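Here's the structure we're looking at; comments come further down.
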Amino acid sequence: MSHQVRAVVALGKGAPVSLETIVVPDPGPGEALVKVEACGVCHTDLHYREGGIGDDFPFLLGHEAAGVVESVGEGVTEVVPGDFVILNWRAVCGQCRACLRGRPWYCFATHNATQKMTLTDGTELSPALGIGAFAEKTLVAAGQCTKVDPTVAPQVAGLLGCGVMAGIGAAINTGNVGRGDTVAVIGCGGVGAAAIAGSHLAGAAKVIAVDIDPRKLDTAEKLGATHTVNSRQTDPVEAIRELTGGFGADVVIEAVGRPETYKQAFYARDLAGTVVLVGVPTPEMKLELPLLDVFGRGGSLKSSWYGDCLPSRDFPMLIDLYLQGRLNLDAFVTETIALDEVEKAFERMHHGDVLRSVVVL
Ligand SMILES: NC(=O)c1ccc[n+]([C@@H]2O[C@H](COP(=O)([O-])OP(=O)(O)OC[C@H]3O[C@@H](n4cnc5c(N)ncnc54)[C@H](O)[C@@H]3O)[C@@H](O)[C@H]2O)c1
Ligand SMILES: [Zn+2]
Ligand SMILES: [Zn+2]
């Protein structure tokens with residue numbers, strides 16, 4: 360059996376997304392069919408639409424979602440129908456060289472559904488990050504479903520499925536931010552704001568928010584930024600150095616994904632400090648740095664995929680912190696929208712009007 364549902368599809372490079380009827384198969388071995396309840400609009404969906412991630416159009420967009428498991432295929436033990444889950448794009452395999460070394464957050468063979476979802480004419484869809492959740496139902500690998508406390512609203516829970524987890528994890532997992540550290544975050548959209556919340560949670564002494572949009576700096580303050588820098592008006596490298604005794608921050612998180620902001624991050628960190636790149640660059644971008652500075656300044660230059668998270672470990676923990684009032688996830692939901700408003704949400708994201716627009720189904 361299969362299911363015909365409505366979904367948001369990017370049919371071709373740069374073209375506006377459209378609402379299509381898609382065909383979702385019943386779950387086969389190891390798969391789960393999920394009734395999507397909410398799905399946030401992440402900048403990565405826009406990258407997909409613009410052809411920045413690959414050419415496998417048509418893409419089924421949406422990957423920051425929560426919902427309820429409707430049915431499961433043969434051999435599935437992780438979840439049962441009725442479970443409230445956050446979808447993840449890191450269902451670890453347990454067998455690759457990273458998993459076997461005890462570093463499953465680097466898993467090189469993560470699981471996705473094996474069956475394809477299609478348009479009604481049979482054209483196979485490429486689900487964004489192996490999820491595709493701007494849809495009434497989606498098919499994923501069972502390991503992509505992480506069960507969490509069902510009392511949390513789906514539009515809040517779903518945030519952890521991508522951007523917010525990526526930002527929090529960039530700070531606490533990749534950047535290893537700890538008590539007393541100074542942190543600067545360049546770019547305070549959904550991901551950067553989450554890096555601020557994560558740094559605050561981890562006990563950072565100073566959290567400096569940098570953005571070109573004053574609205575983003577306001578929300579950054581609500582999430583724990585101790586200082587803000589409008590980098591349209593002020594040189595961010597100088598400002599960060601000034602705020603850190605002339606030295607630079609211990610950890611600088613780049614959440615824009617551009618060479619010029621990466622350079623700012625590189626020079627705004629203290630000697631032997633850490634740069635974490637969580638923003639996603641596009642294929643034509645190039646970085647030029649004096650190699651002597653890379654050597655001479657020491658420390659580490661890291662990138663962070665999905666905040667080096669382990670969904671089974673991190674999602675339930677962060678949901679617990681939210682329920683205890685220690686992590687303000689509500690602040691990330693700027694608006695809830697309908698499935699046919701994703702294109703408008705891209706427009707608003709492009710203009711910087713939102714932290715997150717979340718589709719509620
Ligand atoms: N690494 C991962 O796992 C991961 C996961 C999700 C998203 N991302 C990426 O993170 C990036 C941010 O995503 P988002 O959803 O927060 O996007 P967003 O559009 O909400 O935020 C981007 C922010 O950067 C600011 N900005 C733009 N140019 C700037 C500049 N020159 N200096 C300072 N600030 C600037 C904007 O004002 C905005 O606040 C994107 O590249 C996205 O693809 C990465
Ligand atoms: Zn693995
Ligand atoms: Zn995303």
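So in the numbering used here, spot 268 of the sequence shown is number 627, and the numbers just go up one at a time.
Backbone N, C-alpha and C fix where the C-beta goes; we use that ideal spot for every residue, glycine too.
A quick note: this is a predicted structure, and the numbers were derived from the prediction, not measured.
Looking at the DSSP output, Gln363 shares a beta bridge with Val382. The way I'd put it, the stretch 397-405 does touch the stretch 487-500; three or more beta-carbon pairs between them come closer than 8 Å. Burial check for Asp414: the Cβ neighbour count within 10 Å stays below 16, so the residue is exposed.
For Ala468, the shortest C-beta to heavy atom distance toward ligand 2 is below 8 Å.
Between the stretch 444-451 and the stretch 368-385 there are fewer than three C-beta pairs closer than 8 Å, too few to call the two in contact. By the C-beta density criterion, Arg628 is buried, having at least 16 other C-beta atoms within 10 angstroms.
In this structure, the CA atom of Gly638 is about 6 Å from the CA atom of Glu613.
Runs of the alpha helix (DSSP H) lying entirely within the stretch 409-492 and spanning at least 4 residues, in chain order: 456-459.
In its chain, beyond the 5 residues on either side, Gln514, Val717, Val719 have a beta carbon closer than 6 Å to the beta carbon of Thr695. Cα atoms of Leu392 and Gly373: separation of roughly 30 Å, rounded to the nearest angstrom. Here the residues close to ligand 3, judged by CB distance below 6 Å to any of its heavy atoms, are Cys401, Thr403, His422, Glu423, Cys521, Gly522 in chain order. Taking the Cβ atoms as the reference, Leu630 lies roughly 13 Å from Gly604, outside the contact range of under 8 Å.
Assigned with DSSP and collapsed to three states, Ala624 falls in helix. In this chain, the beta strand (DSSP E) harbouring Ile612 covers 608-613.
Counting C-beta pairs closer than 8 Å gives fewer than three between the stretch 572-583 and the stretch 646-665, which falls short of the contact rule. Closest by C-alpha distance to His586, out of Ala624, Val692, Leu602, Ala425, is Leu602. In summary, Val439 is exposed, with fewer than 16 beta-carbon neighbours lying within 10 Å of its beta-carbon over all protein chains present. Within 8 Å of the C-beta of His406 there is at least one heavy atom belonging to ligand 1.
Ligand 2 never approaches Gln503 closely enough for any of its heavy atoms to be under 8 Å from the residue's Cβ. Separation of Leu688 and Pro386 (C-alpha to C-alpha, rounded to the nearest whole angstrom) is 32 Å. In terms of Cα proximity to Ala397, the closest of Ala516, Pro375, Met676, Gly562 is Ala516. With a cutoff of 8 Å, Pro670 does not count as near ligand 2, since its C-beta is closer than that to no heavy atom of the ligand. Asp570 is a Cβ neighbour of Gly551, given a cutoff of 9 Å. Taking C-beta separations shorter than 6 Å and ignoring five residues to either side along the sequence, Gly481 has no partners in its chain. Apart from the 5 residues on each side of it in sequence, Trp664 has no Cβ closer than 6 Å to any other Cβ in its chain. Where Thr510 is concerned, there is no enclosing alpha helix (DSSP H), because DSSP gives it neither an H nor an E. One thing to note: Gly607 has its Cβ within 9 Å of the Cβ of Tyr626. The continuous beta strand (DSSP E) containing Ser659 extends over residues 659-662.
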